[in-house]
Each structure stands twice: as structure tokens, then as C-alpha cells.
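Residue 169, in the numbering used here, is where the sequence shown stops; the numbers in between run on with no holes. The beta carbon of each residue, even a glycine, is placed where N, CA and C say it ideally should be. Owing to the predicted nature of the structure, the values given are computational and were not obtained by experimental measurement. Structure first, then comments.
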Amino acid sequence: MEAIHDPGSNGLGDLKPTFKSVSAVIFANKCVECHSGAKTPHGIDLSSYGVIKGNNSFPPLLVPGNPLASSLYRSIANDSMPKDRPPLSFQEKQAIYEWILQGGLEVPKKDGEPECEKEDCQPGEPPDEPGPLPGEPPDEPPNECEPGEPCDETEP
């Protein structure tokens, strides 16, 4: 899946790429009617940061720093959510994308704070990169064989 949003886009309007803004403007108005409480679809509860961050769904709901690996973003990017309702606007999707890209934090980091959660993290060091999405093949070198011809792995 390719990103349909760009880091740092200015098309957010009044939305901010923070949990507080995304939760108050988007989740509260368009998601928690179905995704809150004990019996939520697929166990996805968007009613608070704690339940979002602690969600152990597969594929992962929130992968900090990687919107494309986060099922939360993927489900709104392809318009499968909200179900049976109009899709989120470009600005709403952009805010969620940016929030996840910036680490999916409850409270934004202050200037100078490290971007990663490791104890030995240095300011400016990128967060750890996640591997391929579940069910997707890992990056492999291209096949050197010609289409329609057998590959002989023993040839130099």
C-alpha cells in the first residue's frame, strides 16, 4: 500500500496531528459509536489512548512512526472505515497519518526529546524501522531469470 498522504502536508485545517485533536475531532465523532466498550468490532476500541496503545490486534492497530503498517491508518486510507458511513476527509486522514508518523504519542514530544523510546537513543536518531507487514513477503532481491525460461540456481 502506498501512502496517499505526505509528511508535513499543510492541508490539515483546524486539525492537528496530535492524539488530543485526532481523538476529539475524528474518533469521538466518527468512530467511538461503534469502537468503544466491551463488544467492539474485532476488539478495536478507540475510546482512549490507553486502549489504542495497548491493543494487541493483528495486524497491529498502531505502529508508532509507520502509518502504512498501522491498521488504523490503512482502514481509513482505503475507506473501509467508518463502515456504512461517508469516508473521512483528506484532512482527517492526513491528521491521523501525521500523528502516527510522529510516533502516535498521547502527548507530543518537546523539542530536543529523542524520537525513539530506547534508553540510549540520541536526539535526531530515527525510531526503529518495523519489518514487513504480516502476510507480506520480505524484501527480496529481484529474480534474475528471464520470464518463461527455467532458472538454474547452479549457474554463475
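Counting of Cβ neighbours within 10 angstroms places His48 among the buried residues, the total reaching 16 or more. Note that the stretch 79-99 does not touch the stretch 26-34; fewer than 3 beta-carbon pairs, one per stretch, sit closer than 8 angstroms. Around the CB of Phe40, 16 or more other CB atoms lie within 10 Å, so the residue is classed as buried.
It is roughly 16 angstroms from the alpha-carbon of Cys44 to the alpha-carbon of Leu28.
Of the residues Lys96, Ser83, Pro99 and Ser70, the one whose Cα lies closest to the Cα of Glu111 is Ser83. Leu114: member of the alpha helix (DSSP H) spanning Phe103 to Leu114, first to last residue.
Between Ile57 and Leu74, the gap from beta carbon to beta carbon is short of 8 angstroms. Judged by DSSP in its simplified three-state form, Ala90 adopts helix. For Gly56, no alpha helix (DSSP H) segment is defined, and its DSSP state is neither H nor E. Annotation: the continuous alpha helix (DSSP H) that includes Ile65 extends over Tyr62 to Lys66.
Residue environment for Gly117: buried (at least 16 other C-beta atoms within 10 angstroms of its C-beta). In the structure shown, the three-state DSSP call for Leu28 is coil. Sequence-distant Cβ neighbours of Pro95 in its own chain, meaning closer than 6 angstroms and more than five residues away, are Lys43.
Between Tyr86 and Ile109, the C-beta spacing is below 8 angstroms.
Judged by their CB atoms, Pro54 and Ile113 are not nearer to each other than the 8 angstroms cut-off.
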